[in-house]
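Read through the structure below, which is laid out as structure tokens, and then see the notes.
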Amino acid sequence: MNRRTYLYAISFAIFAGRFVHGAEPSSIRVLVWDEQQREQRQAYGDQFLGEAIASHLASLPGIVVKTATLTSPDHGLSDATLDATDVVVWWFVERVVSRVQQGRLALVTLHSAHWSKPFVRLMQERAKSDALQQIPEAERATARIEYLNDQPYGKVPKADAPLAPALTRTATGWSLVLPGCIFPAYRPDGALGHLTTLLVDHPIAKDLPKQWDIPQTEMYNEPFHVPTPDAVVFEERWDKGEHFRSGCVWKVGKGTVFYFRPGHETYPVFKQREPLRVIENAARWLGGEVRKNAP
Numbered sequence: 040m041n042r043r044t045y046l047y048a049i050s051f052a053i054f055a056g057r058f059v060h061g062a063e064p065s066s067i068r069v070l071v072w073d074e075q076q077r078e079q080r081q082a083y084g085d086q087f088l089g090e091a092i093a094s095h096l097a098s099l100p101g102i103v104v105k106t107a108t109l110t111s112p113d114h115g116l117s118d119a120t121l122d123a124t125d126v127v128v129w130w131f132v133e134r135v136v137s138r139v140q141q142g143r144l145a146l147v148t149l150h151s152a153h154w155s156k157p158f159v160r161l162m163q164e165r166a167k168s169d170a171l172q173q174i175p176e177a178e179r180a181t182a183r184i185e186y187l188n189d190q191p192y193g194k195v196p197k198a199d200a201p202l203a204p205a206l207t208r209t210a211t212g213w214s215l216v217l218p219g220c221i222f223p224a225y226r227p228d229g230a231l232g233h234l235t236t237l238l239v240d241h242p243i244a245k246d247l248p249k250q251w252d253i254p255q256t257e258m259y260n261e262p263f264h265v266p267t268p269d270a271v272v273f274e275e276r277w278d279k280g281e282h283f284r285s286g287c288v289w290k291v292g293k294g295t296v297f298y299f300r301p302g303h304e305t306y307p308v309f310k311q312r313e314p315l316r317v318i319e320n321a322a323r324w325l326g327g328e329v330r331k332n333a334p
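Be aware that the sequence shown starts at 40, since it is given in this note's numbering, and climbs by one per residue.
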């Protein structure tokens, strides 16, 4: 898989930085970052996908929005920008990962950004934390753990492949196969996706119906090789029998990661009320969580 594939979806994050000039102190500050592929015009007309999301969020009370692209100075993600705005994407991996773990940043990852470097790194850090809890307490302080599959990009598992993460005792200690954040099958045919809101009382599910459809989307099929989520807010199914955990939440260190699966650059998923509401809810909830950790 080449670098462009990693960038097919938008990721965004919310962190406690200085307020944007003119923003209300209570506003959630969001930066939407997008590669702006030409193919997006098929679904979004005179806008790119990121612009469509940004326009929607900007119309809502209590949210301040900025946008950035690859062609922006420093890709729109300079230190000054990170210190002065509310949302950052995965381009500077170490900065994103460390801020999430410190509780200064919350990451929202959309669709094929499951293979973005910040998401993969954060899932691998969560897997390491989970693995340590599986080791007998008396052995944890001195346990020797060998980490495998730390660079999973381009490796697509077969349907019957062992699930990762996976911890195994060895002759010299322990072996942990890190998650690849990938799945065995996808189908970009624009099939109808049926979503079920599993956790109707979760903040990300606010004002969303129990059952709702997305008329055109790309199919992903389980198993999804990620750590067990702390919450699965949405499940998605297709008429040919596939299914996917399409809205997952993890705590990583002191921070939070949310993955929302629906999308594809040529389908107008983010013109629809329900997916846009998911993003709004995630921004508001995660922004509030980050504010609680702010000094």
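Ideal Cβ placement from N, Cα and C applies to all residues, glycine included.
Per-residue DSSP class, three states only, for residue i
i: residue 263; result: coil
i: residue 297; result: strand
i: residue 246; result: coil
i: residue 140; result: helix
i: residue 92; result: helix
i: residue 69; result: strand
i: residue 285; result: strand
i: residue 60; result: Residue placement at residue 60 is poorly supported in this model, since its pLDDT is 42, which falls under 50; the coordinates are not used for a value here.
i: residue 135; result: helix
Run of the alpha helix (DSSP H) containing residue i, from where it starts to where it stops
i: residue 215; result: Unbroken run through residue 215 is the beta strand (DSSP E), 213 to 216; no alpha helix (DSSP H).
i: residue 180; result: Careful: residue 180 lies outside any alpha helix (DSSP H) and carries neither H nor E.
i: residue 199; result: That residue, residue 199, is in no alpha helix (DSSP H); it is neither H nor E in DSSP.
i: residue 158; result: 156 to 173
Spatial distance of residue i from residue j (CA atoms)
i: residue 165; j: residue 254; result: 34 Å
i: residue 197; j: residue 224; result: 8 Å
i: residue 304; j: residue 69; result: 21 Å
i: residue 289; j: residue 275; result: 18 Å
i: residue 203; j: residue 213; result: 15 Å
i: residue 293; j: residue 180; result: 21 Å
i: residue 97; j: residue 66; result: 11 Å
i: residue 251; j: residue 184; result: 44 Å
i: residue 167; j: residue 137; result: 15 Å
i: residue 131; j: residue 155; result: Caution is warranted here: a pLDDT of 45 is assigned to residue 131, below 50, making its placement in the model unreliable, and the coordinate value is therefore given only provisionally. Approximately 11 Å between the Cα atoms of the pair.
i: residue 175; j: residue 239; result: 36 Å
i: residue 149; j: residue 331; result: 24 Å
i: residue 177; j: residue 170; result: 14 Å
i: residue 233; j: residue 257; result: 12 Å
i: residue 188; j: residue 100; result: 43 Å
i: residue 128; j: residue 172; result: Caution is warranted here: a pLDDT of 37 is assigned to residue 128, below 50, making its placement in the model unreliable, and no coordinate value can be reported.
Boundaries of the beta strand (DSSP E) in which residue i is found, first to last residue
i: residue 227; result: 224 to 236
i: residue 274; result: 270 to 276
i: residue 326; result: Where residue 326 is concerned, there is no enclosing beta strand (DSSP E), although the alpha helix (DSSP H) it sits in stretches over 312 to 332.
i: residue 279; result: Run containing residue 279: none; DSSP gives neither H nor E here.
i: residue 207; result: 205 to 208
Pair within 8 Å by beta-carbon distance, residue i and residue j
i: residue 104; j: residue 291; result: no
i: residue 273; j: residue 91; result: no
8 Å Cβ cutoff, residue i in contact with chain C
i: residue 275; result: Annotation note: the requested chain C is absent from the structure, which comprises a single protein chain.
Query - Three-pair Cβ contact test at 8 Å for the segment 213 to 222 versus the segment 262 to 273 - result: Cβ pair count under 8 Å is three or more, so yes.
Query raised in the report: At a cut of 8 Å, does the segment 291 to 310 reach the segment 319 to 329 through at least three beta carbon pairs?
Result: The segment 291 to 310 makes contact with the segment 319 to 329, as at least three CB pairs between them are under 8 Å.
Requested in this report: Report yes or no: do the segment 275 to 291 and the segment 201 to 210 share at least 3 C-beta pairs separated by less than 8 Å?
Outcome: The segment 275 to 291 is not in contact with the segment 201 to 210.
Requested in this report: Decide if the segment 310 to 321 is in contact with the segment 242 to 256; the criterion is three or more beta carbon pairs, one per stretch, under 8 Å apart.
Outcome: Enough Cβ pairs lie closer than 8 Å, so yes.
Query raised in the report: Does the segment 154 to 169 come close enough to the segment 184 to 194 that 3 or more CB-CB pairs lie under 8 Å?
Result: Pairwise C-beta distances place the segment 184 to 194 in contact with the segment 154 to 169, as three or more of them are shorter than 8 Å.
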